[in-house]
Structure formats: structure tokens, C-alpha cells
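Read through the structure below, which is laid out as C-alpha cells, and then see the notes.
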Amino acid sequence: MEEIAEMDFLKPVVLCAKEIEQCIMAYQHFTPCRFNQNLKGSFGPLSAKFSPSFCIVQRIFELKKPRQELVVTERWKQWKINIPDEISSIEATILGDDFWSNAHLLQLFEPFALEAVKSKDVDNGTLSQLEELIENRWDALFSPLHAAGYILNPRYFGRGQTRDKTAMRGWEATLDRYEFESADRRVLREQLNSYWRLEGSFGD
């Protein structure tokens, strides 16, 4: 599970969850009597041992609505006056949709990972089935076509897709699958560069 959480696409989700948790804990320290949400989560020691990153994301995800309600209160606004500017980005993350969507995505992998370690005698056949389940789920959620859509979607423009190895591999695989002529693939690559640079009609 931890290896999955380290993938280029999912690692930022864990980092965001940690930042949100630290921010909420700082707020609780400031006003413990006014905000008493449980940060321990609803999972057992097995999850905490084998998938700590998942547990962090789960803790935050389970309290999505209270978190979003909290950051628009007057008491929160008063508290953040003397807090560094980083709070604004965390607040935007809590109120936005991207983090919550990706957090849900990460949770889809966790049951498969825990299913293997719940058994005391895990044989090779079970492990092979587990690996196949994870790979099939990964293929369904992160197909080359999805990667191309992520790269081309204006909503995610400027988020460093060129540095995301998984997304770029998906983009190249999409080109190879749908454009057989090398000349056509070259044109599409040039158009993608123009899109990222906001050249021509892309900058209008």
C-alpha cells in the first residue's frame, strides 16, 4: 500500500492530507473546546501498520464536511490572521474538489492491500491474485486515455503534467495507439507544446 501511495499521481494527495491534519491540529490547540472532531479515524491497527499513508488520508476524508464548514467560520478567520500564508492554500484545498476526488481514488486501493495481510498464511496464489486485482484496478482508473485527458483538460492546466512520469507515459501510449503515422504523432506533440506555452489560438 505504501508503494502505491508513493506513485507520482498519488503522493501529492498524501502530502496534502498531512498538511490539512497538521493545520487542524494547530487549530484544535488554539481552540480545543470549540472544535472537538476525532482525528483517530475508524480503522484498526492493521491499517495503521501496513498503510499509514492511507490512514492519514482516511482521517481527513471521513470529516470532509466538518472541515469545509470549519474553514468558513468567523473563529477560523480570526485564528488564521496571525498564521503564515500557507494556511490560505490549505484552506483552498479543503474547499476545492481536486483533493477530495484524489483522496477517494487512493482509498480504492486499500482493501486489496489489507486483504493479503489479514491472512496469517498468505500463499503465492493469493498474492498473485492480489497483484492482479491491484493491476486491473490501476489499469481501469489510470488508462492511457485518462492520462491524455488529464494532460489536455484546461481545468488542470499548469500543474506540471510534464513532470508526472505516469501521465506522460499514458500520453505517449495514447499517441502510439490512435495515431499510427509518426508524422501525425509529431504534429500532436507540437500542438501539445503550443498548448502548454499558450501559443496561437490557445492563448486567446
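For what it's worth, our numbering labels the leading residue of the sequence shown as 112, then goes sequentially. Backbone N, C-alpha and C fix where the C-beta goes; we use that ideal spot for every residue, glycine too. As the structure is a computational prediction, the values presented were derived from the model and not from experiment.
Next item on the list: Give the DSSP-derived three-state secondary structure of V182 in the structure shown.
Entry: As a position in the sequence shown, residue 182 is number 71, starting the count at 1. The answer is coil: DSSP assigns V182 none of H, G, I, E or B.
Note to self: Measuring straight from C-alpha to C-alpha, what distance separates E310 and R300?
What the structure shows: Taking the sequence shown and counting its residues from 1, the one referred to as residue 310 is at position 199. Taking the sequence shown and counting its residues from 1, the one referred to as residue 300 is at position 189. Their backbone Cα atoms lie some 14 Å apart in a straight line.
Next item on the list: To the nearest angstrom, report how far apart W282 and W187 are at their CA atoms.
Entry: As a position in the sequence shown, residue 282 is number 171, starting the count at 1. As a position in the sequence shown, residue 187 is number 76, starting the count at 1. Going by the C-alpha atoms only, they are around 42 Å apart.
Checklist line | Boundaries (first-last residue) of the alpha helix (DSSP H) holding Y399 | finding: Residue 399 lies beyond the stretch modelled for the chain, which goes from 112 to 315, so this question has no answer here.
Check: Starting from T285 and walking both ways along the alpha helix (DSSP H), at which residues does that stretch end?
Finding: Counted from its first residue, the sequence shown places residue 285 at position 174. From DSSP, the alpha helix (DSSP H) with T285 extends over K276 to Y289.
Check: If A128 sits next to A214, beta carbons under 8 Å apart, how far is it from one beta carbon to the other, in whole angstroms?
Finding: As a working note, residue 128 is residue 17 in the sequence shown. As a working note, residue 214 is residue 103 in the sequence shown. In this structure A128 touches A214 by the C-beta definition: roughly 7 Å separates them, less than 8 Å.
Checklist line | C-beta contact flag for C134 and I198 at 8 Å | finding: Here the question's residue 134 lines up with position 23 in the sequence shown. Here the question's residue 198 lines up with position 87 in the sequence shown. Against a cut-off of 8 Å, the Cβ pair of I198 and C134 comes out as a contact.
Check: Between which two residues does the alpha helix (DSSP H) containing Q133 stretch?
Finding: Here residue 133 refers to the residue found at position 22 when the sequence shown is read from its first residue. First-last of the alpha helix (DSSP H) with Q133: K122 to F141.
Next item on the list: Consult DSSP for K151 and reduce its assignment to one of helix, strand or coil.
Entry: Against the sequence shown, residue 151 aligns to sequence position 40. The predicted position of K151 is uncertain, since its pLDDT is 47 and thus under 50; no value can be drawn from it.
Check: How many angstroms separate the CA atom of P163 from the CA atom of R296?
Finding: Counting from 1 along the sequence shown, the entry for residue 163 is found at position 52. Counting from 1 along the sequence shown, the entry for residue 296 is found at position 185. Within the model, the alpha-carbon separation for P163 versus R296 is close to 42 Å.
Next item on the list: Grab the span of the alpha helix (DSSP H) containing Y306 for me, first residue to last.
Entry: Numbered from its first residue, the sequence shown carries residue 306 at position 195. Y306 -> alpha helix (DSSP H) spans S293 to W307.
Item checked: Same chain, Cβ closer than 7 Å to A63, five either side skipped, listed in chain order -> What the structure shows of the chain is the stretch from 112 to 315, and residue 63 is not part of that stretch, so it cannot be assessed.
Next item on the list: Leaving out five residues on either side along the sequence, give the residues of the same chain with a beta carbon under 6 Å from the beta carbon of P255.
Entry: What you label residue 255 is simply residue 144 of the sequence shown in a count that begins at 1. Excluding residues within five positions, the ones whose Cβ falls inside 6 Å are G281, A284 and T285.
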